[in-house]
Structures are given as structure tokens and as C-alpha cells.
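Residue numbers (this note's numbering), protein chains in the order written: chain B, 11 to 258; chain F, 11 to 258; chain P, 3 to 75; chain L, 3 to 75; chain Z, 2 to 189; chain G, 2 to 189; chain W, -5 to 348; chain V, -5 to 348. C-beta atoms are modelled at their ideal positions from N, C-alpha and C, and glycine is treated no differently.
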Ligand SMILES: Cc1ncc(C[n+]2csc(CCOP(=O)(O)OP(=O)(O)O)c2C)c(N)n1
Ligand SMILES: Cc1ncc(C[n+]2csc(CCOP(=O)(O)OP(=O)(O)O)c2C)c(N)n1
Ligand code: SF4
Ligand code: SF4
Ligand code: SF4
Ligand code: SF4
């Protein structure tokens, strides 16, 4: 018997603290699989954000840093500038990356910092109790938009991948989704490319991962995936927004 | 005799503290002319940044706020949300707006805050002694890039107008330049449009003004304008990047 | 015949595996595990193609899939 | 004939007006003002079209331009 | 009089609102009361619990770190909190979901198949109230009348139709407690 | 011995480097020295100035708020700083650019057409050193030898070709001072 | 009026609304989230604004703008977020803008945790931002007191044109207690002629500013602020004394730890131990007068804090060496247990001097 | 070795380079700009990195990353920028990362001005960020001392795994003084087995972290930190005493104001007035031992600060009511004048007690 599917080695064998059906878990696994596949585990360093994935430093078995909210790209910059031959990645939520950490992500991209960002867009601040994120959809009800997000009051969701692609320092930017197997497979490819871009020293790489938060969306897991598909995909087109000539 | 050119009324009659040939002065005048022309002086509120133009609150004769470095858009948000029938504008440098204030400008734009931003891009931190700004050109020598800005070390300049245009909340974004009379005229038109967008309640409006800093570029004023034309225009295309359907 | 192993104590009963199994082989057990969830399990394993779709969609890496190691051709 | 008035004490001698006057009518004075700059001034005012380009480019609003108020047509 | 009641279970089992109902009832009866939930990331997908204090004197810390009464709606809660109950305290175990017994011998444990009983009554959602009924019966910390009054305050108007079934649940729990009261001493 | 020397002029007139040369010379002679510029936004397009302290004892504040010697390279500097000179102090005025006289009568003022003299010598850039020469001659705060030595340290190697003309300027200033020394008392 | 059961965080929100606050700018953080949740619903009901900012830095600067425009405005956060606001707070104090800042303290330093703590005492009372400035700092100890102090917070803030901080922790924020909130009344808002609202009808120009580039002017501004602070120190010290009559030892504690100390005092008194409690309600100005009033009669003070010892410095400064000041603290989100404090009290009373 | 003339800000840079610092992350601000300018040139010469961050918040977090990776790293700013770093500083302290932070203080609060000041004393010594933590704070008073203390700053930082702050002001930063910097030597850098540099060769996993979600663990961490701080307090207090023999009044001042106080002491001594100076070199730990050593012999202390009175609290806490502590200060960027301090001294000596 050959194992066709097993836990990647880069993930410590312990249960996740995530909610049932939370796709943070899938995203973790994909990252770990890519690290295994590229055989870079020993030189990989993870930077955890503040958000539901704050404990990802426990799960990824590599060396890790727990960064202050939104500043993972600055922390990663510090690490990578000292240890330029290591592989560094941040794992950030949309509150972390697209709200408080806007300055840090924009300028890490602008400087072409040679690390990889896994950006989990679940359209909500999950850890703190389901508040509106910059990525929350128009009309979306959250604990701080009890009447639904309204453009007049709260503006419109930000498309980070598109925005960062404007910057010359961004080498690779793609948006993927985890709402079904085909997309999970595509997500894995994008994550792999992003790490490859880093290993090749080509600059800043980011994969935006549309992810479900059943708990804070107030939906059972399967309905959450459906909501993602029906609503998020409309506003957040999937695809590669930027890729270096060197990498296919 | 008819005055074909005189000091706009919205500018207090006092000398600027700016260096010889500094185009901050021209930008000030254009803003004041537009305020006069639209007859909005009494309800206009200026938000001054930290930068060479920190004292612009002295020059613009309207009510004014001096904001902390980079946070003028947040301050303007606070003002405008309280006084929604006033006309609020920020006047910010590229260190202020494109570096430390990245988060604030991106999210003011994303929220579609209904105020106007005059963004002076002079490719340098002028007030603090000529350090590299996020907008400094590749190869440009500054006090912190003594060997010229290098993409590998410092990344590449950010094009804020293009970047902010990606956001749905941005109603108007244009880049203009002050290096010769024809462009000054165009700059004035763009500034007027930006204020008109605000008055019409259409959302966030910004005019990026390419501006000369002879002192920190180490060039006499005329050579500075030439440098702007020969170098900045290449990297920073002029034009309107976004405008609402409602306004021509 | 492939082997699909569920680490029952880790299952959170989210039903993603069940939903995406192309053959519809995953069911949720009646009992609950220590975490209070109805864990998933495979029935009619003989129909399983070993495609590992269930495993791929499981957020909690509950599922391991093994397949006969047959050489192609 | 247009009138071009320079507020000499405010002039910083940057020469923008001089450079952009389409008629080349602006010169820098030999003397320096209280701020230590050679101020600008117009010569041959009779050639001046009152286009106000000089004023438009002056960062320090040193220049005021007046023109005969003649109706067109 | 002082009771520190800890109610613990899965998120979604209504643990927090049951605690609020109890606190409200205490207030209605003119006691000092405080309610406090566990909060923050430990909520994620895991257990939820809250502490309710009902006392004659002002309440110092509302955190119930040494409960006089523990209600466990699931097994992890029993495993986690059994040890902190004061000697002589009471533990209510939702035996529909908890298939183990309390290990301590210096407390009184009371097993109630709350989910099963609730289903019988007609709504799985009132399992907590079954236990609440038993608690009131056994401790007299509040009166049933106070709880009934409080239900009108705690439930939003569009849920007032649920009040009868809630009362039924309380009564069922009380009944069971009355029955078992005698046997309890032995369990303890 | 204590001299607090304030040198003021337009930005670009070499005011700061002249101050550094003076401080360096003091150091070469084994004195306590300190140099401090005005800094920050007031530099923008405006005046530049620096303070140099040369003393036998450790220097408390390097800020020269009450100069014993004032060098004014332009008119605004004279207007601004004349009043802070200690009674009995010396003011050097660059009369090439300053067309007014010092108003105070309790200080000694010395007028040197530094730019004109510098042009004569062959470089407008050494105007400051003309005044420096006069200052040294009048106060003896440092020796010409020390200044010469310091020039090699203060000027970057590719500027060492400028040393002769600098020395010439110092000498010219000193010469003028010697000439006028007598008349100074009257001015004071 | 009947009592209702209310959560501390919601009480902050309701208290603010009743005090006439109509603008809230903030960024989510545990353990104060119920406050934004509450106001996101409540503000629209009263024609007010709840706006979620992109960060705490943005929040505090939005507050700056709204306060300058004359609004009653507040923000709220916890430890890390409050740290990020320090520059903005210094600006607010420098520009003399009134506003209310809530800090529901959590365990630190760094990310720490979200459990209740009092380890931001220094930051709040000594000035975590740059420059010489002071916040008025209020520390309620019950949900009812939260409601009452919110009114005072806004009033003091307007009266002195100074930011006011309300400090609590997760216990106060998360707990529900009975409160009497009374009928809603129209809040009386003071005139703010200094606000910069535009020069409508040719009004005199107004400037909201903290820049004083000339040191002499900046010093004058500092002296003016200092005078204001001295006035506040004189007029606004508040504290509660609990069973201090005849006390030989006085516990000093605020907020959550003061609640626990009260029951310690009760236990002690029951046993005949002469122990009382001084509960600072204003942390700045620190109730020096309260300490001074007791200094002759008591033999020692025991400061009880949920930190490693911060307020103790103010107690010592007030006692000025006249009586020993002891410390008992728990840190990192732990809450002191009455029994442990009691044991500490006994130890000290039994002669474990200084 | 011959002396050279060097600017204070450049001396910070050169001192850092000589101490083996190879990473600088910072954001421009007056009055410390010459430091980044210097390092932008100097770092590449020694194979180091000067990187300009997009903000102070980013700088301090880059420092966090680089420090965690085992580098000797520093950042620099002034008042407003340091305020923005407070969250990051709390994280650095929480994660026990060594680094050096320079604050060239300017007039405040708010934007204030760029003139020399000492009004960030509280922020630096009491903790402007959230949670219980301490920085080691060094205050040089001359350009030579800057060079020397930079070495100590990095060494202390590594020794205790704690951020160290060097505080100066525009006078120290902008002035040039003669210094002896000696020949360049290879700096001795300590091993950092705790650094998270990747698990090359299967190394044990390392984590750089300040999160302790379980209060018990967070308390244990706080107790561990507190023990470290106590050790530092015991071992690292530093101060200079100047003419304190037989002094009846001792001035207490640091940095720029201490320079001025020295000349005040000289003037006093010349006139036969028994006045001396205690100059704290470590502001935290505050040289309590220095005060204690003098407490019996002196009659009073006069604290002289360039602020409205901050260090005076530590002087008072050290004196503990045994001797009166007076205050003289200038604020907003003003520098005290020797003559004025002298007058103050005379006034107090002539019986203007407490
Ligand atoms: C400075 C600071 N502000 C706020 C918080 C509170 N906080 C913790 S996680 C979080 C946001 C989480 O949202 P997101 O980044 O989208 O991640 P998710 O939980 O959705 O995975 C916030 C605001 C904090 N810890 N620090
Ligand atoms: C928080 C903070 N950081 C840094 C500074 C210092 N500072 C003042 S102005 C400025 C940048 C000025 O550059 P820019 O915004 O481009 O305006 P310019 O002077 O070029 O017009 C900086 C960094 C400050 N005042 N506050
Ligand atoms: S709250 Fe949302 S994001 Fe967080 S673990 Fe649960 S499902 Fe996942
Ligand atoms: S430094 Fe540059 S931007 Fe500033 S006033 Fe001078 S020329 Fe203008
Ligand atoms: S996907 Fe995983 S966690 Fe979800 S039900 Fe299936 S096995 Fe359980
Ligand atoms: S008005 Fe026109 S023509 Fe006349 S001086 Fe000015 S630029 Fe020249």
C-alpha cells in the first residue's frame, strides 16, 4: 500500500484549534505540503500573525516568530535581511494584512522583499468575534455592520492582490480559493509558485486565499463554502495578477 | 486696469517659508485659487501634514488642523464625519502620504471618504534633510541612498495614484506636474475637479502633484524643474487614473 | 482496494469530506467523539477509488488514504 | 500696456519667472534684497503681453499682473 | 447566602444564556448577582462556559474559580472543571452527552439525561433548563417564579412563545431532582 | 579662557564648515571645544548658524546663547543676533553684504568686506576665512598654525588644493585686523 | 427605575451615548469587543456614528479630527492597541482636545493574553507618549460605576480640554451586573468656541495644533498645560474609603482588585483585624489627599495590583516615607484571590515590617 | 590615538558599528537624522545593512525580526516616532529580544518642536507600552560617552536579552566634540542559541514569541522577567558623582542638563557653596544606590530636568522622604541656564525649604 494522502511532515502532529469546517486548516496543509515538496523545511521560517491563525507557529514545525498585529511583513523583512538564504513566509488574515498592516504589506511589496505571504481572506475579523474586515462584502452582516456593510458608511472591500500588483516590487500575486477540490488543487499550485519565486530570489510573492469562517459567518461549514463561492468569487476574481517572466 | 493675476484671497498675505524655487508655493496657490473660484472658502477646512508644508495651516486662511505625520486622512475622516457639509482637504508630502501614512490613505480611499487630498510628490523627504522617500527614483541619490536608490536594496518607487485607483472608494485620482506653465494650468484643472467631486459628494478624490525640491535634490530651481521633467515624468505618467461618470 | 483511515478523535464533523467525496462514500457516525462531534467514516470502501478528495478537503487532516501500489502498464 | 508688479522683498531669486516669460522680459537685479536674493524685475514692459506666465510660475506670489480692461470685439 | 455556579459546555449549547437567566432571576429576587463568560480565542470551536454568582453580599470577583455548583453539559467540561468544585459542592452532569461519572467523592453529583428529556418535552434546545430546574429544586438559590419572570426579560419578544416549553423543562428537572433527592446523599 | 563664537549667515555661505575649522583648531591646541549648528526646519531657505566654544574648562552647554564673538555674514544675522552678544564682545560684520552698522555701543564691531576681499584673492568661497583670520588676530583664540593643520583634517583630500588660497584669506583677514586694531577701540 | 442586567462593555457604550457621545472610532480587540458591537447598533439609533477604523493609529487620529470639530467622541481598545495610540494621545493632549479613551487592560507585555490585568497603569498615568502631558484616568469597579463615570469622563474632558482615559479589564468588561441607568435625557453639551468648524459667516480662524516650533512658545504652552494639570490635581482627586475608620492597615487597590480587597477587608474586620481599603477612582490625579488623610492614623499600606507593582510608586510618593507601603500583586492575567491577600495582610500585621 | 571631532549622532552610528551592530532599520526624524545619513554610508563599508523603513512601527518590527534572527540591530528616532514604537517595544521586551533603540528627545507633547528636551523620561523608564516590562535606559552626556556607551548598550542588551534605550537630545546629537575612538577591532559577539534561524541540520525548533494565552503561564513569564529586572537593578545602576564630597546639596541631572549642572557646581564651589552633582548614567535602573550613598550626608537634592518634572519621582522614591527633593526644570525645548540654576540653588540653601 502506498500512501496517496498523508499529513505533510512540516506540520506537527497535533490537532488544530480551528472551528469545524474552517479552511485555515486546508491552507496550513497546502503550505506544509509545498515546503515538503520543495524540500526546504530546514531553512524555512514562519511568521505568525495575530488572528485565528496566531497559533500557526505551533503547527508549522519549522522555526517561527509570532509578530504583532499586521506587522508580519516587517518582521519577515528583518529576518530575511539577516538570513537571506532562508525561506521566510508570513501567514496573515485580512484584518492583519489588509487593515492594520496595510503599510507593512504595501512597502514589503514595494521593496520587493524576497519572502512569501499567505494571505487568508475570510472577509471577517474572526478571532475577535466577527467584526467587519476591509474585505467584508457589501451587504455582509458582521458584528460591527449589524445592518450589512454599506458603501456610504464603510466604503467598499479592498482587493489586495490587484492593489499590490501595481507595485514593481511584487513578483508574484495570485488569488485562489478553497471552496472545492479543484480550487484547492489550484491553490496548492499557486502557493508552490510563490515559494519558488522566493527561492529563485525574484522578490515579493503573495497568494491570497479565499477562506471560509463558518463560525463568524454564522453558517454551517458546507453552506459557508457555498456562500464563499456565490458571493466572494463575484467580487474577488481568482487568478494570477502578476508573475515574473522567469517562472511559468 | 484689470488684475489678470493676483494673490488668491484664501491665502493669507504672508511670505512662505519655502526655499527658492520650491513648487510647494505654486501648489498652495492653485488650491487657494480653486477654493476662491468655487466660493467655498468659508466652509473649507485644511489638514496640514508633517513635512515641509507643515505650516500650510498658516498660509491657507481657512480653519485648519495640524495632523500627526501620515495621519491627515484619518484626521480628515474624523472632521468630515462630524461636519459632512464642509469641504475638507489634506495637503500631504510623499513621506507623509506614501510611507508612514500608507494605511490611512489607502483606507480613506477604500472607505470613499468624501474629502480631497493634495499629494505633493517631490521624490524625497524634504523637511528632515533629503532622505529617500518611497517615491524616490531608482538611482536617485539622497542622504540615505548615498550611492543612489537601488531596487535590490530599497525596492522601487510606488505609484500612489495608480495604486489607489484600484479601490472602489476612489472617485477621482489624477497626477499632474508643476514643471512648466502648461502643466501648472492642467494641475489647476485637476485640483478643481477633485474639489468638485467632493462638493458633489462622490467620494475620495486625490491629485498627485509632481513637485520640485531644489534644496534636497541639490539643484538650482530651474535645473530642478528640468530634472523633474526628464526623470520623474518617465516613471510617473501624468493624467487622470480615475474619474466618476458624473464629472467630466 | 484503497484504505481510507479516519483519525476519529480529530474529526470535527464538518462534513466537507462527505460533501466532496465523488462517490458519496462518507457518512457521519451516529455517536459523538470526545470533542462532541459526529465523526465521519467511509462506507462501502470497495467503491472507493482512492482519489483522496475527502482527505484533500478535510481541514483537520483526519483522513489518510492508501492505495495498492500497482505499476501502470 | 500691462502692468507687472514685483513685490521685491518677497522674491527669492529662483528665476522661474525669468525662465518662463515667453518674451524673455524678466531679468534678475544686480542688488540683493533683505533676504539676500537677487530679485526679479521686468524690463521692456512695452513688449509684455500680460500673459501672466511669470506670475503663474512664481512659487512665492511675488508678481501681480494687470492689463487694460479692453472689451473684445 | 453565596452560590458560585459554573456552567460549562460546547459553544451553541446555550450555556451563556442559561447563566444569564439564572443571574437575572437572582436580581429579580433582590440579591447581588454577577455573570461572566469565558471569552476570547478559547471559544473558537471549543467549550463555552460562564460563571454566575448569587449572594447576599456585594460580589468581589465575578469569576467563579471555586464553584459551589458546576453544571457540565459535555464531557470535556466535566473533565476540566470537576477538580475546582468546593468540597461539599454539587455537580450536575448532562448524562445524555457525558458517559463518564464524576470521580470526586467529596461532592454531590447528579446525573440528568437533559438532552433526552428535552427531546421528550419537544425541544432539544431546553436541555439546560432541565438542569436549571433541578438546580433550583436542590439549592433554592432562586425561586421558579423569579425564573419565570426573568424569562420574559431575557428572551427577546419574538421568542416568548418558547416560554411554556422552558417552564415545562424547568418543572421536569425539578421533578427529577425531587425524585432523586434522597439518593443523592449516597452518590455524594 | 572661554570664547563662545556664533557664526551666522545664509545657508551655502560655508558658515558651518568655518565653525568646524575653528573648533578643530581649538582641539589641536588642546582646548576643550564644542561645535553645534542650528538645525531643523529653520534651515529651509533661511539662515544657517553655528556656535563654537573654545575653553580651558569642560564645556557645559555647547549652545552659544551669549556669544563673546559674533560673525555675521549677512544682514538678517546681524539684526537677529546683535542683541545677544555679551557686553564687551566683538561683532564681525561682512560688510560686502551687510549695509548696516551694529547698533550697540557696548561691543566692538569690526567691518570686513569679506566677499570683495575674497574675490580679489581669487575665490569667493573663502570670504569666511578672511573674517576668521581677523578673529584669530584679534582674539588669539587659536593660532594660525593650528588652523593650517586643521585645514588638512577638515577639508577632504580632493580639496587640499584649496588650502593655499584659504591660508591667503586668513592672512588677508589678519592683516586687515592688524591695520584696524587701533581704530577698533573707537568703534567700540 | 428597575434594574437591568448589563455587561460592562455595553455599559461603557450606553454610558457614552447617554453622556451625549455620538462618535465612536475604533478597531476590534479583545476584551472590549462588546463595546463596538453594541455601538455599531446603538449609534445609528441616536443619529450617531460608529466607524471602524483600519487601525488604532487611525482611530485615535479620527478622534483627533472629530474632537477638533467639536464632537463628543471616544475610542476604545486594549493594551497593544493603546500602545499604538501613544503618539496620537500625545497630540490630543498637546492640542488640548477633549475625548474619552477606553482601555480594557489585558495581560502583557507583547501579545500576552486577553485575561484581566492592570499592567497599563504606568502607561496611562505617567504618559506612555512623548512629552510632558497627563491624562485624567478613571477606574470604575462595577458596571453601575461605569455608567456613572462615563458621564463624568466626557464632562471632565470637555471642562479641561484634555483626553480622559477609562481603565478597566476583561472582568469588568465581560461581566454582567444589575444597573440602574435611568431614563434617557438629552445630554447637555458645552459650547466649544475653540473648535475648528470652518469660517462660516466670517468667523475668526481656528487652528487645532500641537506644533510650537519656537522653544519659548513651546515652553509657554507646557507651562500652561502644567497649570491646568495642577488645577486638576487640586480639584479632581477621587477615591472611595471602605471601612477605614480605625484601620491600622489600609489596602490600596482599584478596579477589579479593589472589589476583591473589599471582601478581604470584610473578612479581616469580621476577625477584628483593623483593616480598611482606599480605592482610587481617579488614577490620575492620584488621590494623594486620600493617603494623606490616613497617613497619621494607619501603620502601613498594602497596595494590591494586578501587575508587578506600578501604582505602588504613587502610594509611596504620597506616603513620602512616613509609613511603610507593601505590595501584593498577581500578573499576566491572574486575578488575586481574597484568601491570599488576607494571608499577606496577616503576615504584615504580624510584624513582617518593611 | 589622536582625537577627532565628531558629531553626537554620528558617534552613535560609529559606536554601534564598532560594537558589532550590522543592522539598522529606521525612519527619518529630526534631530537624529545625521545618524541614518551616517549609517547609510557606513553600513555598506562593513558589510552591514541600512534599511529605511516605511514608518517607525515598521522599523521596530523589523528590529524584532532581525533581533530574533540573532543580529545586533538598532533603530533610532525621536519623541513622536518612539511613541509609535511602544507596541513593538513591549513585544521586544515580552519576547526578550536584545536590541538598541535611540531616542533623541525633542520638545513635546504632540508635534512640539525639534529642540532638545528630556520629556520622554517617564516613557522610557516606566514603560510607555503596555504590560509590565522595563528597558535599560542609558543617558550619555558627551560625544565621547556616546561612543563608549554604545558598546555597553549592545552588551547589556545581549547579556539580559532586553531592549536597551539610549536617550539624548538635539544638543548631544548635533554637537561636535573631540573624541577618541581608537582602532577598529572585531567586535566580540555572544552566541545566541535561542535565535530562530531555521532548523538547519535538524536543530531543535525555536520560537520568538510574547504570547502566553494561559494566564498561569503569562504570570510565570512575568515573574521571570521581574527576576531579571531585579537582577539588573542590583547589578547595573550607574552614575557619576561630581564634587559630592562634603556636599550639602546635590543636584541630580542627566545628559545635557547634567553638563550645565556641572558648571553650576563649579561656580558654587568657587564661592564656597557645598554643592555637588549626581549624574545618573542609567536612568533605568535608576541609581538609587547613588542617592542612598549620599542620603545621610546631604541636606537636600535639587533635580534639574529639561521637562516639567519626571525623574524627580525616582529621586523622591530613592530618598523616601528622608531629605527634601526640589525641582528646577525648563520645558518645550528650552535649555536651563547655569545662572538660573545657581540662583535656584542659592534660594534653597538660604532656607527656602520644601
Ligand atoms: C494592535 C492590535 N490590535 C488589535 C488586536 C486584536 N485582534 C486580534 S486578531 C484581530 C483580527 C483578526 O482578523 P484577521 O486578521 O482577519 O484573521 P482571522 O482571525 O480572520 O483569521 C484583531 C483585530 C491585537 N491583537 N493587536
Ligand atoms: C512620527 C513621525 N515620524 C517622523 C517625523 C519626522 N518627519 C517630519 S517631516 C517628515 C517627512 C517629510 O517628507 P514629505 O512628507 O515627503 O514632505 P516634504 O518635506 O518633502 O514636503 C518626517 C519623516 C515626524 N515628525 N513624526
Ligand atoms: S473563527 Fe472562523 S477563522 Fe477562526 S477558526 Fe473559526 S472558522 Fe476558522
Ligand atoms: S526643502 Fe525642498 S520641499 Fe522643502 S521648502 Fe525647500 S525646496 Fe521646498
Ligand atoms: S472533513 Fe475532516 S473534520 Fe470534516 S467531517 Fe470530514 S473527516 Fe471530519
Ligand atoms: S506677463 Fe507674460 S510677457 Fe509679461 S513679463 Fe510676465 S511672462 Fe513675460
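Item to check | Continuous beta strand (DSSP E) stretch holding residue 307 of chain V: start and end | outcome: Taken as a continuous stretch (DSSP letters only), residue 307 of chain V belongs to no beta strand (DSSP E), being part of the alpha helix (DSSP H) at 305 to 313.
Item to check | Secondary structure of residue 79 of chain F, DSSP reduced to three states | outcome: coil
Checklist entry - What residues from the stretch 151 to 173 of chain V come within 8 Å of chain G, judged by C-beta to C-beta, listed N to C? => result 164, 165, 168, 169, 170, 171 and 172
Item to check | Own chain, CB closer than 6 Å to residue 158 of chain W, minus 5 neighbours either side, in chain order | outcome: 94, 130, 147, 150 and 151
Checklist entry - Whole beta strand (DSSP E) runs in the stretch 20 to 96 of chain F with 3 or more residues, listed along the chain? => result 54 to 58 and 73 to 76
Item to check | Residue of F:101, F:169, F:232 and F:189 minimising C-alpha distance to residue 204 of chain F | outcome: F:101
Checklist entry - For residue 159 of chain V, does the three-state DSSP call read helix, strand or coil? => result strand
Checklist entry - So what does DSSP say about residue 119 of chain V, is it helix, strand or coil? => result helix
Next on the checklist: 7 Å is my cut-off, CB to CB: does residue 92 of chain V come that close to chain F?
Outcome noted: no
Checklist entry - Is the beta carbon of residue 225 of chain B within less than 6 Å of some heavy atom of ligand 3? => result yes
Checklist entry - At least one CB of chain L closer than 7 Å to the CB of residue 100 of chain G: is that the case? => result no
Checklist entry - Should residue 194 of chain V go down as buried or exposed, given a rule of 16 or more other Cβ atoms within 10 Å for buried? => result exposed
Checklist entry - Alpha carbon to alpha carbon, what distance is there between residue 165 of chain V and residue 171 of chain V? => result 11 Å
Next on the checklist: What I want to know is whether the C-beta of residue 29 of chain B ends up closer than 6 Å to one or more non-hydrogen atoms of ligand 3.
Outcome noted: yes
Next on the checklist: Does any residue of chain P have a CB that is nearer than 7 Å to the CB of residue 22 of chain B?
Outcome noted: no
Checklist entry - What do you reckon, are the CB atoms on residue 329 of chain W and residue 298 of chain W nearer than 7 Å? => result no
Checklist entry - Is residue 34 of chain F near ligand 4, in the sense that its beta carbon is under 6 Å from a heavy atom of that ligand? => result yes
Next on the checklist: Measuring only from the beta carbon, is residue 136 of chain F closer than 6 Å to any heavy atom that is part of ligand 4?
Outcome noted: yes
Checklist entry - Hey, quick one: how far does the beta strand (DSSP E) through residue 172 of chain V stretch, first residue to last? => result 170 to 173
Next on the checklist: I want to check one thing, is the minimum distance from the CB of residue 45 of chain L to the heavy atoms of ligand 6 below 6 Å?
Outcome noted: no
Checklist entry - Do you know offhand how far residue 11 of chain B's Cα is from residue 48 of chain P's? => result 15 Å
Next on the checklist: Distance check for residue 228 of chain V and residue 248 of chain W, CA to CA, integer angstroms please.
Outcome noted: 30 Å
Checklist entry - Is residue 25 of chain P near ligand 5, in the sense that its beta carbon is under 6 Å from a heavy atom of that ligand? => result no
Next on the checklist: Mapping the DSSP letters down to three states, classify residue 282 of chain V as helix, strand or coil.
Outcome noted: helix
Checklist entry - What span of residues does the beta strand (DSSP E) with residue 95 of chain G cover, start to end? => result 91 to 95
Checklist entry - By DSSP, does residue 215 of chain F sit in helix, in strand, or in coil? => result strand
Checklist entry - Per DSSP, residue 109 of chain Z forms a beta bridge with which residues? => result Z:91
Checklist entry - Looking at the C-beta of residue 103 of chain V, does it have a partner C-beta in chain G at a distance below 7 Å? => result no
Next on the checklist: Beta-carbon within less than 7 Å of residue 43 of chain G's beta-carbon, same chain only, minus the 5 sequence neighbours each way: which residues are those?
Outcome noted: Below a pLDDT of 50, predicted positions are generally treated as unreliable, and residue 43 of chain G, at 49, falls in that range; no measurement from the model is reported.
Next on the checklist: Taking the straight line between their C-alpha atoms, what separation do you get for residue 2 of chain Z and residue 87 of chain Z?
Outcome noted: 15 Å
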